[in-house]
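Going by the UniProt record's numbering, the sequence shown opens with residue 1, and the numbers climb by one from there. Note that the Cβ used here is the ideal one computed from N, Cα and C, for glycine as well. Take a look at the structure below.
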Amino acid sequence: MVLVDCQPSMFKIIGSGDKSLIMNAVVGAAKAANILGVPVVLSSINPEAMGQFIPEISKMFPNQEVIAREVPSFDAFEDEKTLKAAKKLDRKKWLFQACGPACVLHILLCMP
């Protein structure tokens, strides 16, 4: 599972849905991954400006680095470190979770 841009500022800009419902869905997906032992990659965009990855998720994976992408793009896989971490999971099927559809859509459109 690749969890993308689960940061406070990203939740603030959601305009097309109930923010608490979206937050619960994102945290619920992370909990399910944690319980089922699904490996995860945590990737954030510009944490200095957008805030740190939400602790409700990052605390579930204390040994997992939150990758602060060097490439400021909604496509997390444009960042080499994020892409390498995801490929290292060696999965044939992917699950992406983010607070908004743009973060996932950019990855899917440009997926290697």
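Backbone CA spacing between VAL4 and LYS19 [nearest angstrom]: 16 Å
Could you pull the start and end residues of the beta strand (DSSP E) that ALA76 belongs to? Premise fails: ALA76 is in no beta strand (DSSP E) and is neither H nor E.
Under 8 Å, with one C-beta from each stretch per pair, do the segment 81 to 88 and the segment 35 to 44 reach the 3-pair mark? yes
Taking 8 Å as the threshold, find out whether the segment 51 to 58 comes into contact with the segment 24 to 31 through three or more Cβ pairs. yes
Please identify the residue among LYS81, LYS92, VAL2, ILE45 whose C-alpha is closest to the C-alpha of PHE11. For PHE11, the closest C-alpha among the options LYS81, LYS92, VAL2, ILE45 is that of ILE45.
To test your reading of the DSSP string, which unbroken alpha helix (DSSP H) runs of 4 or more residues are found completely within the segment 28 to 62? 47 to 50, 55 to 58
Nearest to residue 116 (by Cα), restricted to the options VAL26, ALA49, VAL71, ILE22: Residue numbering for the chain in the displayed model covers 1 to 112; residue 116 lies beyond these limits and cannot be assessed.
Nonlocal neighbours in the same chain, by C-beta distance under 8 Å from ASP79, ignoring five residues either side: If we look at ASP79 and ignore the five residues flanking it on each side, its Cβ neighbours are SER43, ILE67, ARG69, GLU70, VAL71, SER73.
Give me the Cβ distance between GLN64 and GLN7, rounded to the nearest whole Å; I'm assuming they're in contact under 8 Å. Contact flag wrong, Cβ pair sits at about 16 Å.
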